[in-house]
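**Q**
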Ligand code: CO
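In our numbering, the protein residues as written are 987 to 1121.
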């Protein structure tokens, strides 16, 4: 089951500069910075009340974020929904005709198992499902 919007991901070219910008905007600094090597990104997380913002900077030219920036420039990259059971939700969504970009949930930033849906099937919006890793 999808519960809430867990975070909104924003692609940025210069994470240090964007950290400063978002600290001014949200009036709170990032609570976490984390590299996700498998995705070729470094991330920063901000939290305002229940809302999280994830800033993503590419760490190499083959990173999906580097490709996104080349194609579309900086901006909203994905919307992440919290799910209580990621595998069950992936099965449900595949049954509804959505295409998952990874068949097996993978470890994302901020202690989450994640799966992305192909934006071609979601009105151009990259959707992330994420489930807190409890272990
Ligand atoms: Co995300």
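Note that beta-carbon positions come from the ideal geometry of N, C-alpha and C, so glycine has one too.
(1) Any chance you could list the residues with Cβ under 7 Å from a heavy atom of the ligand CO, keeping chain order?
(2) Give me the Cβ distance between residue 1113 and residue 1063, rounded to the nearest whole Å; I'm assuming they're in contact under 8 Å.
(3) Pick helix, strand or coil for residue 1102, following the three-state DSSP scheme.
(4) Going by CA-CA distance only, name the one from 1110, 1013, 1055 that's closest to residue 1085.
(5) Check for me: the alpha helix (DSSP H) holding residue 1072 runs from which residue to which?
(6) Are the segment 1041–1057 and the segment 993–1011 touching, with three or more C-beta to C-beta distances below 8 Å?
(7) Pick from 1100, 1105, 1045: whose alpha carbon is nearest that of residue 966?
(8) Do residue 1008 and residue 1032 have their C-beta atoms within less than 8 Å of each other?
(9) So what does DSSP say about residue 1031, is it helix, strand or coil?
(10) Which same chain residues end up closer than 6 Å to residue 1019 when comparing Cβ atoms and leaving out the 5 residues on each side of it in sequence?
(11) Just checking my contact of residue 1070 with residue 989 at CB under 8 Å: how many whole Å lie between their CB atoms?
**A** Looking at the atomic coordinates:
(1) Matched residues: 993, 995, 1040, 1064, 1066, 1094, 1095, 1100, 1114, 1116.
(2) In this structure residue 1113 is not in contact with residue 1063, their Cβ atoms being roughly 11 Å apart against a cut-off of 8 Å.
(3) If DSSP states are grouped into helix, strand and coil, residue 1102 belongs with the strands.
(4) The residue with the shortest Cα to Cα distance from residue 1085 is 1110.
(5) Annotation for residue 1072: the continuous alpha helix (DSSP H) segment containing it runs 1072–1081.
(6) Yes, the segment 1041–1057 is in contact with the segment 993–1011.
(7) Residue 966 lies beyond the range of the chain shown here (987 to 1121); nothing can be said about it.
(8) For residue 1008 and residue 1032, yes; Cβs fall inside 8 Å.
(9) If DSSP states are grouped into helix, strand and coil, residue 1031 belongs with the strands.
(10) Contacts found: 1030.
(11) Residue 1070 to residue 989, Cβ: 6 Å. Contact.
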